[in-house]
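One structure is given here, and the rest of the page talks about it.
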Amino acid sequence: MTSLPSGANRTELRKIGIMGGTFDPIHFGHLLAAEESRSALGLDEVIFIPSGDPAHKRQRRVASPEDRYIMTLLTTLGNRNFTPSRIEIDRKEPSHTVDTLREMRHWYAPEKVLFYFITGLDAVLGITTWKEYEALPELCRIVAVSRPGYPSQELGNLPENIQKAIIPLSIPLLSISSTEIRQRLHNGRSVKYLLPETVEQYIRKKKLYRKKLEDTIP
Ligand code: NAP
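Going by the working numbering, the sequence shown opens with residue 763, and the numbers climb by one from there.
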């Protein structure tokens, strides 16, 4: 069962960032995106939610939900404004953002909280394939994070009500990517300074990302 986050039941309006991603593995680019979003949007805290069963990722093997959650926990330990959540990891059904946001609404009085769902621009561009995506603007603002210079014009192709809910945010140094880290680990290359040392130690201890990268699930 997911425990109530700190600050729930408070009376003043709270702005909560919800950092969603597969986090396979989580890295400094994600931390920077969360911190930049927090300061740019004046968020009270950022809750990191690794996807449990990414329904849309069935073509590629990902590290187990538990491993991705533990890496998220290790990464967020040092920042008191960052909290990892098991909400999607513990859900038996496939992860859908709309379900997560509705469940989180029950943690707070709806009129006292504004949610900001933070994720990569690439993911946001695919939003019309998400379950009940039309309902998302009622539940949150959507922060579409990209690296500087990355073209965000394609956001203009999304339905108007979705566009209105989107806040594009370009983050310096976001060029670190989970795919690049997995490739490096697979090829025996260093991942130093791309992710926290504790996460690297965890990956090596659990022998993650050694297998052929694009293994498909039978
Ligand atoms: P992803 O593979 O995790 O990420 C897509 C791109 O965005 C990658 O370049 C990734 O970089 C970057 N990224 C991901 N999360 C980020 C973050 N919080 N801040 C900055 N960059 C980030 O994307 P995904 O698995 O499709 O999902 C992203 C979020 O959308 C998840 O919360 C997921 O549950 C949600 N989603 C929901 C549905 C649905 O409701 N049906 C469907 C699809 C996605 P890295 O590779 O370096 O992480």
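We put the CB at the ideal spot given by N, CA and C, even for glycine.
The residues LEU887, in chain order, have a CB closer than 8 angstroms to that of GLU916 in the same chain once the five nearest residues on each side in sequence are set aside. Contact between LEU876 and LEU775 is confirmed by a C-beta separation of about 7 angstroms, below the 8 angstroms threshold. Judged by DSSP secondary structure, PRO812 falls within the beta strand (DSSP E) whose first and last residues are 807-812. The shortest C-alpha to C-alpha distance from ILE943 to any of ALA927, GLY779, TYR831, PHE790 is the one to PHE790. Counted as a single uninterrupted DSSP element, the alpha helix (DSSP H) harbouring LEU898 occupies residues 898-901. Excluding five sequence positions before and after ALA927, the CB atoms of its chain that fall closer than 6 angstroms to its own CB belong to PRO899, ARG903, ILE904, given in chain order. Proximity to GLY783 across ALA906, TYR955, GLU962 peaks at ALA906, based on C-alpha coordinates.
In the DSSP assignment, TYR878 falls within the unbroken beta strand (DSSP E) covering 875-882. Where PHE844 is concerned, the enclosing beta strand (DSSP E) starts and stops at 844-846. For HIS868, the shortest separation between its Cβ and any heavy atom of ligand 1 does not lie below 7 angstroms.
Its chain contains TRP892, LYS893, GLU894, TYR895, ALA897, LEU898, LEU901 as the residues whose beta carbon lies nearer than 8 angstroms to that of VAL860, once the 5 sequence neighbours on both sides are disregarded; these appear in chain order. Inclusion of TYR878 and LEU793 in the CB contact set at 8 angstroms is not warranted, their separation being larger than that value. Counting other Cβ atoms within 10 Å of its Cβ, ALA802 stays below 16 and is therefore classed as exposed. Ranking ILE811, ALA795, ASP786 by CA distance to the CA of ILE780 puts ILE811 first.
About 7 angstroms separates the CB atoms of VAL961 and ILE788; that is less than 8 angstroms, so the two are in contact. In this structure ILE933 touches ALA795 by the C-beta definition: roughly 5 angstroms separates them, less than 8 angstroms. Beta-bridge annotation (DSSP): LYS777 is paired with LEU876.
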